[in-house]
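Enquirer: Below is one structure. I have some questions about it.
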Amino acid sequence: MNLISRISARSPWLYRINAGSCNGCDVELATTACIPRYDVERLGCKYCGSPRHADIVLITGPLTVRVKDKVLRLYGEIPDPKVTVAVGICPISGGVFRGSYAVCAPIDQYIPIDVNVPGCPPRPQAILEGVAMAIEIWKERL
Amino acid sequence: MGFLGVLIRNLVAGPSTDPFPFGETFTPATLRGRVEYHPADCVACRACEQVCVGGAIRFDKTPEGLRFLLWHDSCTFCGLCAFYCPTEGITLTDDWHLAHPQSRKFAMVEEGTIPTIRCAACGAQALATAPAAALFDHPPTPAEVEEMRSYCPRCRRKVAAERKAS
Amino acid sequence: MPESLALLLSVAVFPGGVFALGLGLALKGVDRRLAARLQRRVGPPLMQPFFDLVKLTRKRTMIPDVACRAVFLGAPLAGVVAMLLAAALLPVPGLYEPSPALGDLLVLFYLLAVPAVVLMLAGSASGSPFGAIGFSREMMLMLAYEIPIVLVIVAVGLKTGIGRGEGMTLSLTEIVRYQRAHGAFLLDPAMWPALLAFLAFFPANLGIVPFDIAEAETEVLEGPLLEYSGPALGLFKMMSAAKAVVVLGLGICLFFPSGPDGLPGLAVHALKMLALMAVGVSVLRVSAGRMRIDQAFGFFLKWPLALAVAGVAAAVLA
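This is the structure:
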C-alpha cells in the first residue's frame, strides 16, 4: 500500500478554480504551466479540464458573492482525496477586497484550505513551492 | 515549414527549465518580498498604515508600547509603505518563500513594538520613537540619537532648541 | 498447448493484454517527454503514464445522478476489452501471426471503431451537456475519417491480392508475409497516396491535436471524459494507450513490416512504433493548433479521401 501511495503521489493533477479573481494569479498559474522555465510537468502535474480529474485544487480570487454557490458546487464535484491551495492573498484573507459587500473572503470559511501561497500575484516559483507543499500533504491523504 | 527549424533548434538546445523546486533559482535584485520592520528606526508617524492598500498594517496601543503588525497574507507587496516611510523603518526584502500550510496562516506576521518609556527629563509617559532629523542641526551621532530617544516629544523640542541656540 | 489456451494467451498477455498496455503506456510516456523537449521543457518522468494509472485507482469514482449507471461504467470496460482484442489481431512481423480463428482485417476495422463508439456512449450516458457536445463531435469526426481508412485498407488488400495473383485479400498475415517477401509498400511509390491518407487518419483516431476536437480540454472540458473519475477514467487511459499500439501497429503492418525474425523483430517493431509516434504524434502535437470540427470534417472529406481514392486506383493499375 505504501508503495502505491508513493507512486500515486507522483501524479498530482491540477485544477484551477477562479473565484472572481482579477486574473493576475491565473496568469501566473498559466505561466507555471506553459513557460518552459517553470515547467510544472516535472512534478508529474498536469492541468486538467474537468473537476472530476483533479487532485490538487488551486483557487484564485476572493470568492465573490455571485460566484460563491458555483465554486462550492464545483468543489463538491472533486473526488477525494484532494488538496486545496489558495493562490494569492485574495482567497487567503480578502486582500485589497477585504470588507467589500461583494466578496465572501476569506475562502476558508467555506472550503477547507491546506496550503496558502500569498502574493499579489505570487511569483511562479512561489506557486511551485506551494504545489510541492500540497503534494506532501496529498501523499499523506492517499 | 519554419516551425520545424524551431523544433529542431529547441531539441538541440535542450531544456531551459529552472531547476527549482529541485535546485536553486534566481531572485531579481528588485523583487519585493517579505516585509521587514525596524522598530528602532520608526518615528510612529503611521503613514504606512494609511497608505497600505491591502489593509495589512495595523498599529495597536498596548501596555508595552505601540505595536506594529503586518500580515503577509494580506500584503500586496506594492512597497507603498517603504516608499512613504520617512526613516526607512519599514523595508521590503527579496525573500519570496512565503508559501505556508494553513496551520501557519496567522503566523505569517511581521511584528515589532516601540516601547513606552518615562521621559528622562520630565518623567511623562512617552514612546521611544526614533528622533526626527529636524531636531538636529548636524548629522547626529548614535549616542545623541539614543539620548534624544529617552525624552518625551515636548522635552525633545526643548532640548533641541537649547542646543541649537547655544 | 491447446489452441484455445494459445488464443487466450494472445489476447491476455502477448501481443494483446499486458504487453499492449505496457507498450502503449511507455509510448505515451516517451511522447510526453519528447513533446516537452520540443518545447524546451524537461517534461515528466518516462513512467508518468504508469504513475497516473496507479493514482487513478486510489481516487473515488463518482457517478452523476442523471447518468445511466450500467452504460456509464460498462463503456470504458468494453473499450479496453475491444482494444486488447484488436492488439491480439495484429501480427508482430517476424514473431507472431494471429490465428485465423480470431478474425481478419474487417474484424480489426470494426474493433478500431469501438473506442469512438464507446466515447460516444460514455458522453451521452454521463448526462452532461459537454458530454453531448463531445458525442456529436466524435461522431462527425468518425464519419469523416472512417471512409479514407476503409479505402486505405482496400488499397493495401488489393495490392497484396493482385501481387499474389488473386482478388483482394483481407488477411493481415498475408499482407505482412507478402511485404516481407517482396519489399515493403513504403518503398513503392504507387502506395504513397494510401500511406499519406493513413498518416492523416491516425492522429484523428488517436484523438490528438489538431484532431482532439471531441476531447478538447479548453473547449468542452474533455467532453465525454468530463464526468469520469478514478478507476473508470483509468480504464479510458488504458484504452487510449492500447489504441495507440493498435493504430501504430496497423500502420506498420500495412506499409512497413520489414525487419528481422524473432525477438529482434519485436524490438524493431517497437522502435518503428516509437518513430511513428515521435513524428506523427509528438511533433504534430506541439506544432499544430486544434482544428474546428467543421474544418476537420472538411479536411478529411477532401485530402485524405482524394488520396485514398488515388491510392486504390494506383494499387489496381500499378
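Chains as they are written, first to last, in the numbering used here: chain A, 1 to 142; chain B, 1001 to 1166; chain C, 2001 to 2318.
All C-beta atoms in this analysis are idealised placements derived from N, C-alpha and C, irrespective of residue type, glycine included.
Everything numeric in this text was worked out from a predicted model, so none of it was measured.
(1) Taking CB distances under 7 Å as the criterion, tell me whether phenylalanine 1106 of chain B reaches chain C.
(2) When you compare only the Cα positions, how much space is there between proline 1115 of chain B and arginine 1034 of chain B?
(3) Quick check for students: name the residue ranges of the alpha helix (DSSP H) that lie wholly in the segment 2069 to 2099 of chain C, counting only runs of 4 or more.
(4) Would you call the segment 2050 to 2059 of chain C and the segment 5 to 19 of chain A in contact, with 3 or more CB pairs under 8 Å?
(5) Identify whether glutamate 1064 of chain B lies in helix, strand or coil by the three-state DSSP scheme.
(6) Considering only residues of the same chain and omitting the five flanking positions on each side of leucine 142 of chain A, which have a CB-CB separation below 7 Å?
(7) Any Cβ of chain A within less than 7 Å of the Cβ of aspartate 1095 of chain B?
(8) Around the C-beta of alanine 1029 of chain B, are 16 or more other C-beta atoms found within 10 angstroms, so that it is buried, or is it exposed?
(9) Indicate whether at least one CB of chain B lies closer than 7 Å to the CB of glycine 44 of chain A.
(10) Taking CB distances under 7 Å as the criterion, tell me whether phenylalanine 1003 of chain B reaches chain C.
(11) Mind checking which residues open and close the beta strand (DSSP E) that includes glutamate 1036 of chain B?
(12) Beta-carbon separation of leucine 2084 of chain C and alanine 2242 of chain C under 7 Å?
(13) So, for phenylalanine 2300 of chain C: in the same chain, excluding its five sequence neighbours on each side, which residues have a beta-carbon less than 6 Å away from its beta-carbon?
(14) With a 10 Å radius around its C-beta and 16 neighbouring C-beta atoms as the bar for buried, classify valine 2018 of chain C as buried or exposed.
(15) At 3 residues or longer, and completely inside the segment 24 to 92 of chain A: list those beta strand (DSSP E) runs for me, N to C.
(16) So, does the CB of aspartate 69 of chain A fall closer than 7 Å to a CB anywhere in chain B?
(17) Is the separation between the beta-carbon of glycine 2043 of chain C and that of arginine 2033 of chain C shorter than 7 Å?
(18) How would you label glycine 20 of chain A, buried or exposed, when you count the other beta carbons within 10 angstroms and need 16 or more for buried?
(19) To the nearest angstrom, report how far apart phenylalanine 1136 of chain B and cysteine 1119 of chain B are at their CA atoms.
(20) Suppose you measure from the CA of alanine 1040 of chain B to the CA of isoleucine 127 of chain A; what does that come to, to the nearest Å?
(21) So is the beta-carbon of leucine 2248 of chain C under 6 Å away from any non-hydrogen atom of the ligand MN?
(22) Checking contacts by CB at 7 Å: is serine 2229 of chain C closer than that to chain A?
(23) Give the residues of chain B in contact with leucine 2038 of chain C, contact being defined as C-beta atoms less than 8 Å apart.
(24) List the residues of chain B that valine 96 of chain A touches, going by C-beta distances under 7 Å, in chain order.
(25) Roughly how many whole angstroms lie between the Cα atoms of isoleucine 2147 of chain C and leucine 2305 of chain C?
(26) From valine 2254 of chain C to glycine 1005 of chain B, what distance separates their C-alpha atoms?
(27) Helix, strand or coil for arginine 1118 of chain B? Go by DSSP, reduced to three states.
(28) Would you kindly work out how many angstroms separate the C-alpha atoms of alanine 1133 of chain B and leucine 74 of chain A, rounded to a whole number?
(29) According to DSSP, what are the bridge partners of asparagine 116 of chain A?
(30) Since threonine 1017 of chain B meets chain C, which of its residues come closer than 8 Å, beta carbon to beta carbon?
(31) Going by the DSSP bridge assignment, what does asparagine 18 of chain A pair with across the sheet?
(32) Below 6 Å CB to CB, which residues in the same chain sit around proline 2076 of chain C once its five sequence neighbours on both sides are set aside?
(33) Please classify threonine 2173 of chain C: does DSSP put it in a helix, a strand, or coil?
(34) Could you name the residues that DSSP lists as bridge partners for glutamine 1125 of chain B?
(35) Taking Cβ positions, are isoleucine 2149 of chain C and leucine 2105 of chain C nearer each other than 7 Å?
(36) Which residues, taken in chain order from the segment 27 to 39 of chain A, show a beta carbon closer than 7 Å to some beta carbon of chain C?
Expert: Quick answer:
(1) no
(2) 24 Å
(3) 2069 to 2089
(4) yes
(5) coil
(6) Ser5, Ser8, Ala9, Pro81
(7) no
(8) exposed
(9) no
(10) yes
(11) 1035 to 1037
(12) yes
(13) Ala2144, Tyr2145
(14) exposed
(15) 56 to 60, 83 to 87
(16) no
(17) yes
(18) buried
(19) 19 Å
(20) 34 Å
(21) Absence of the ligand MN from the depicted structure is noted, as is the absence of any ligand whatsoever, leaving it without description.
(22) yes
(23) Leu1007, Asn1010, Leu1011
(24) Val1053, Gly1054, Thr1076
(25) 7 Å
(26) The question names valine, but residue 2254 of chain C is leucine in the sequence shown. Distance between the alpha carbons of leucine 2254 of chain C and glycine 1005 of chain B: 31 Å.
(27) strand
(28) 57 Å
(29) A:Ala86, B:His1100
(30) Arg2040, Arg2041, Val2042
(31) A:Thr60
(32) Ala2232, Leu2235, Phe2236
(33) helix
(34) B:Arg1118
(35) no
(36) Pro36, Asp39
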